[in-house]
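Visitor: Below: one structure in structure tokens.
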Amino acid sequence: MVILPANEQHEDIAFMRIALEEAERATASAEVPVAALLVHNGAILTRSHNYRKIWQDPTAHAEMIVIREASKALCSWRLIDTTLYVTLEPCAMCLGAIILARIPRVVFGARDPKAGACGSVMDFTNEPRLNHRVEVVGGVLEAESRGLLKHFFQQLRTQ
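In the working numbering, the protein residues as written are 14 to 172.
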């Protein structure tokens, strides 16, 4: 785990709060409340929540959507000088896209004990054979992120 200077911690918390607001929007369409936003030079470049159910697309994770949109906005597949904020630890597919897009930093909220690829199930972030390393900061507003997911699945079970 990376220990951050106080000013960077405040920035991470502020952006994660925005990601949580976006995740709450997903519940209105019965999507799992996971959201991501990509920050470029201190400003939000793109944001999204999951659309797997609506689009019937297993790759429609919030991270994949913001990576695609950011690449278009910047006219580059290299998303250097960015930070990805996501409410749930990225899975192997999303972390693969993060590495391929050269995103230097990922900040996530809740750990994912079933599919997390930043240390929970597997850890691709420090794989020496890959050509890009990602700095990962986990557990930012973890209780809020986990609570949102827990509430969603409890509501789903009672329906």
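Backbone N, C-alpha and C define an ideal beta-carbon position, used for all residues, glycine too.
(1) Express the C-alpha separation of F28 and R60 in angstroms, rounding to a whole number.
(2) Report, in whole angstroms, the separation of the C-beta atoms of E102 and G160, which I expect to be a contact under 8 Å.
(3) Please report how far the alpha carbon of L143 lies from the alpha carbon of L108, in whole angstroms.
(4) Closer than 8 Å by C-beta to H53: which residues in its own chain qualify, once you throw out the five before and the five after it? Chain order, please.
(5) In the structure shown, what three-state DSSP assignment does G109 receive?
(6) Kindly indicate if chain D contains any beta-carbon less than 8 Å away from that of I31.
(7) Quick check: M106 and T138, are their CB atoms within less than 8 Å of each other?
(8) If you compare alpha carbons, which of R38, H23, V45, E24 is closest to K163?
(9) Quick one: give me the first and last residue of the alpha helix (DSSP H) that I67 is part of.
(10) Short of 6 Å in beta carbon distance, which residues of its chain neighbour I80, apart from the five on each side in sequence? Order them along the chain.
(11) Quick one: Cα of R170 to Cα of T40, how far?
(12) List the whole-angstrom C-beta distance separating L97 from L33, where the pair is believed to meet the contact cut-off of C-beta under 8 Å.
(13) From the DSSP output, which residues share a beta bridge with F121?
(14) Classify I78: buried if its beta carbon has 16 or more other beta carbons within 10 angstroms, exposed otherwise.
(15) Just to confirm the assignment, what range does the alpha helix (DSSP H) spanning R170 have?
(16) Grab me the residues of M14's own chain with a C-beta within less than 8 Å of its C-beta, minus the 5 sequence neighbours each way, in chain order.
Guide: The answer reads as follows:
(1) Locating residue 60 in the sequence shown gives position 47, counting from the first residue. Locating residue 28 in the sequence shown gives position 15, counting from the first residue. Distance between the alpha carbons of R60 and F28 is about 11 Å.
(2) Counted from its first residue, the sequence shown places residue 102 at position 89. Counted from its first residue, the sequence shown places residue 160 at position 147. Not a contact, Cβ separation roughly 15 Å.
(3) Taking the first residue of the sequence shown as position 1, residue 143 is located at position 130. Taking the first residue of the sequence shown as position 1, residue 108 is located at position 95. If I take the Cα positions, the gap works out to 12 Å.
(4) Reading the sequence shown from its first residue, position 40 is the one you call residue 53. Cβ within range, chain order: A83, L87, L92, D94, T95.
(5) Position 96 of the sequence shown, counted from the first residue, corresponds to residue 109. Note: G109 maps to helix in three-state DSSP.
(6) Absence of chain D from the displayed structure is noted, only one protein chain being present.
(7) Locating residue 106 in the sequence shown gives position 93, counting from the first residue. Locating residue 138 in the sequence shown gives position 125, counting from the first residue. Result no, Cβ atoms of M106 and T138 do not sit closer than 8 Å.
(8) Here residue 163 refers to the residue found at position 150 of the sequence shown. The option with the nearest alpha carbon to K163 is V45.
(9) In the sequence shown, residue 67 corresponds to position 54, counting from 1. Where I67 is concerned, the enclosing alpha helix (DSSP H) stretches over 65-68.
(10) Your numbering for residue 80 matches position 67 in the sequence shown. Only A110, A114 meet the Cβ criterion.
(11) For the purposes of this step, residue 170 is taken as the residue at position 157 of the sequence shown. For the purposes of this step, residue 40 is taken as the residue at position 27 of the sequence shown. Near 14 Å, if we compare the C-alpha coordinates of T40 and R170.
(12) For the purposes of this step, residue 97 is taken as residue 84 along the sequence shown, with counting starting at 1. For the purposes of this step, residue 33 is taken as residue 20 along the sequence shown, with counting starting at 1. Actually they do not touch by this definition, with Cβ atoms about 15 Å apart.
(13) Indexing the sequence shown from 1 puts residue 121 at position 108. Paired residues: V99.
(14) Here residue 78 refers to the residue found at position 65 of the sequence shown. The residue in question, I78, is buried, as its Cβ has 16 or more Cβ neighbours within 10 Å.
(15) For this step, residue 170 is matched to residue 157 along the sequence shown. Run containing R170: 155-171, per the alpha helix (DSSP H) assignment.
(16) Taking the sequence shown and counting its residues from 1, one reaches residue 14 at position 1. For M14, the predicted structure reports a pLDDT of 40, less than 50, and the residue's modelled location is therefore unreliable. The matter cannot be settled from this model.
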